[in-house]
Amino acid sequence: MDVFDELLRGVRGKGAVFGRSVLWPPWSLRFTDGAYLTLCVPLRGAGWIVPEGGAPQRVGLGEAAIVRGPAPFVFTDDPEPGTGDGTGAGAAVRDVRWLTATGGDQAPADEITGPTVLLAAAYDVQAEAPQRLLRVLPPALVVPDGDDCAPMRDYLEAQITGARPGRQIVLDRLLDWLLVCTLRDWFDRPEAEPPKWYQALGDEVAGPALRAMHEDPAHPWTTAELASRAGVSRTTLAKRFTELVGEGPVAYLTEWRMTLAADLLSRPELTVASVARRVGYADAFGFSAAFKRLRGESPSAYRRAVPEARREHEAPAG
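Position in the sequence shown counted from 1, then plus 7, gives you my numbering.
See below:
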């Protein structure tokens, strides 16, 4: 499995809360639902993203913005301070809480006529795996129109104005697709600071080892076996991997396994022993020792501290 896809599975898997607003000036929307990630895409017009405590950033037609939560942020037509909250003096601020389905400014099902039309998707990211990706994002980022993302925006608009069966499912998946595309484009930009593992994916030595570990984290990988994937010696792999990622391949694998285990432990139907097997440990004792060494607490103690909301979020559909 692709490393990027693996890390985003916890973002996309439970489905975003999708919303659309048709806006007439002056306007300001304050997103207060505590989403860990929000994707904003203007289909008409433009606006300004104002993150809490941050500088306004303009989002124009053909661009996409991603805001990292859970702090509130404002999307407005006037970023000049006039009301003390980063919005213009003439704007009546409306709260948006799409995750909790209270408030918001939803438009009629096929309405996209207006000076500004905003599509947004709020992602309630509970899992630990995608947090490894989200932690390196700035509070807000804007990505200009690109060749990869433009066709998706056009298709989104066509789906909104249509009335074919399954439209909402299609819209959700298109927003997911656009999220991945936007993140990928951002990490490829010179001003971005992508995580070390992302940069290492394109390396001919470290890349094959990274992909192998993510494709099958439960496999009993050794440095020698990983080196054979890249066609180099153990010493060459260990040196190159550490240079790019900041730690050796075995240490990286152990940390990744514990991240996966933390998410699995939020599922009450899985025993500690079954979690251990899923992340490459033959017995619960060895797994528990490794988990406590890296996390500072036993798997059982970690499980007891997992909030009920996250347990429900991580439960398999069915």
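Using N, Cα and C, we set each Cβ at its ideal position, and we do this for glycine too.
- As the crow flies, the alpha-carbon of Leu244 is around 13 Å from that of Tyr259.
- Spatial neighbours of Val286 in its own chain (CB-CB distance under 8 Å, excluding positions within 5 residues in sequence) are listed in chain order as Pro224, Ala225, Arg264, Met265, Leu267, Ala268, Leu271 and Phe294.
- For Tyr130, the beta-bridge partners assigned by DSSP are Leu44.
- In the structure shown, Ala72 falls within a strand segment according to DSSP collapsed to helix, strand and coil.
- Take Pro306, set aside five residues on each side of it, and the residues of its chain with a beta-carbon closer than 6 Å to its own are Leu272, Val279, Ser295 and Phe298, in chain order.
- With a beta-carbon spacing of about 20 Å, Thr189 and Ala78 fall beyond the 8 Å limit used to define contacts.
- Contact between Leu68 and Gly54 is absent: CB atoms are separated by about 10 Å, not below the 8 Å threshold.
- Here Trp193 carries a helix assignment [DSSP, helix/strand/coil].
- Secondary structure of Leu144 (DSSP, three-state): coil.
- With respect to the 8 Å criterion, Leu14 and Pro145 are not classified as neighbours on the basis of their beta carbons.
- According to DSSP, Phe80 shares a beta bridge with Phe38 and Pro58.
- Beta bridge pairing from DSSP links Asp102 with Arg37.
- Gly238 counts as exposed, since fewer than 16 other C-beta atoms from the protein chains shown sit within 10 angstroms of its C-beta.
- Take Ala216, set aside five residues on each side of it, and the residues of its chain with a beta-carbon closer than 7 Å to its own are Leu233, Arg236, Ala237, Leu244, Phe248 and Pro256, in chain order.
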